[in-house]
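Chemist:
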Amino acid sequence: MPTLKPATVEVYDNWSGPVTKARNELTGQAWFGGDWWINQSFGSSGFGFQLSKTHWFNHRSRGIHFEFWIDSAEVAAGTFPIVLHFEPETPDRDGLGRRFAGAFADRQAEFADYRINHKAVCDKMVKEIKLTKAGLPKSVVAEFTRLATLGDLIDGIL
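Taking the numbering used here, I'd label the letters of the sequence shown as residues 375 to 532.
Rendered as structure tokens:
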């Protein structure tokens with residue numbers, strides 16, 4: 375079992391309020407519900423949460439999900455990532471990546487502010503967001519709401 379580093383506890387103490395606010399605001403969105411769910415994660419170096427659908431093989435946080443996290447590196451950099459992951463427990467992950475690239479082509483311009491990497495096995499889309507306590511909830515809700523519009527596209531390629 376990993377031991378929490380003092381820096382991790384400090385990050386949690388300083389950022390749990392904005393992260394909780396983001397989660398609460400996200401679950402209050404009109405589109406949230408049905409088969410959407412949030413998996414809050416806390417690891418040895420930081421914490422955050424994942425947004426996924428119940429059938430995206432993410433029951434152990436290792437399937438398909440949109441994710442953000444904060445650890446001491448993000449705090450030091452003043453930014454945090456929002457990422458679309460196809461993790462190792464995603465069946466036919468390579469094939470899914472190819473199908474995603476094809477299906478996403480028509481929508482890619484909508485996400486021009488994301489780094490898109492169809493050759494990456496895991497990190498398909500990444501965006502760095504400025505990290506502030508006041509801005510984190512608003513940014514997470516706005517970006518996850520945008521990314522959730524890709525839910526039907528992902529469902530269609532599974």
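Glycine is no exception: its CB is placed at the ideal position from the N, C-alpha and C atoms.
Please read these numbers as outputs of a predicted model, since none were measured by experiment.
With a threshold of 7 Å between beta carbons, is R436 in contact with chain C?
Modeler: Considering every chain present, this structure includes no chain C. It has just one protein chain.
Chemist: Identify, in the order they occur along the chain, each residue of the same chain with its Cβ nearer than 7 Å to the Cβ of F518, setting aside the five sequence neighbours on each side.
Modeler: Counting from one through the sequence shown, the residue named residue 518 turns up at place 144. Only L400, L425, F440 meet the Cβ criterion.
Chemist: Given that a residue counts as buried once 16 or more other Cβ atoms are within 10 Å of its Cβ, and exposed if not, what is H459?
Modeler: Mapped onto the sequence shown, residue 459 falls at position 85. Burial call: buried.
Chemist: Would a C-beta distance cut-off of 7 Å place G476 and D445 closer than the cut-off?
Modeler: Looking up residue 476 in the sequence shown gives position 102. Looking up residue 445 in the sequence shown gives position 71. Result no, Cβ atoms of G476 and D445 do not sit closer than 7 Å.
Chemist: Near W430, which residues of its chain fall below 6 Å by C-beta distance, leaving aside the five closest residues on each side in sequence?
Modeler: Position 56 of the sequence shown, counted from the first residue, corresponds to residue 430. G437, I438, listed in sequence order.
Chemist: Could you spell out the range, first to last residue, of the alpha helix (DSSP H) harbouring E517?
Modeler: Working through the sequence shown from its first residue, we reach residue 517 at position 143. Note, E517: alpha helix (DSSP H), 509-522.
Chemist: Quick check on DSSP: helix, strand or coil for T401?
Modeler: For this step, residue 401 is matched to residue 27 along the sequence shown. Helix, per DSSP.
Chemist: Identify whether W443 lies in helix, strand or coil by the three-state DSSP scheme.
Modeler: Position 69 of the sequence shown holds residue 443. In the structure shown, W443 sits in a strand (DSSP, three-state: E or B).
Chemist: Quick check: the segment 519-532 against the segment 457-474, are at least 3 beta-carbon pairs closer than 8 Å?
Modeler: yes
Chemist: Is it a yes or a no for the segment 449-464 touching the segment 497-504, going by three-plus beta-carbon pairs under 8 Å?
Modeler: Result yes; three or more Cβ-Cβ pairs closer than 8 Å.
Chemist: Let me confirm a value: W405 is counted as buried when at least 16 other C-beta atoms fall within 10 Å, else exposed. Which label applies?
Modeler: Within the sequence shown, residue 405 is the residue found at index 31, counting from 1. By the neighbour-count rule (16 or more Cβ atoms within 10 Å), W405 is not buried but exposed.
Chemist: As a quick exercise: from R481, S418, Y488, A396, pick the residue whose alpha carbon is nearest that of T382.
Modeler: Working through the sequence shown from its first residue, we reach residue 382 at position 8. Ranking R481, S418, Y488, A396 by Cα distance to T382 puts S418 first.
Chemist: Could you say which of F416, V495, V385, M499 lies nearest to R489 if we only look at CA atoms?
Modeler: Taking the sequence shown and counting its residues from 1, the one referred to as residue 489 is at position 115. Minimum Cα distance to R489 is reached at M499.
Chemist: What residue does the alpha helix (DSSP H) around D468 start on, and which one ends it?
Modeler: Counting from one through the sequence shown, the residue named residue 468 turns up at place 94. Unbroken alpha helix (DSSP H) run through D468: 467-478.
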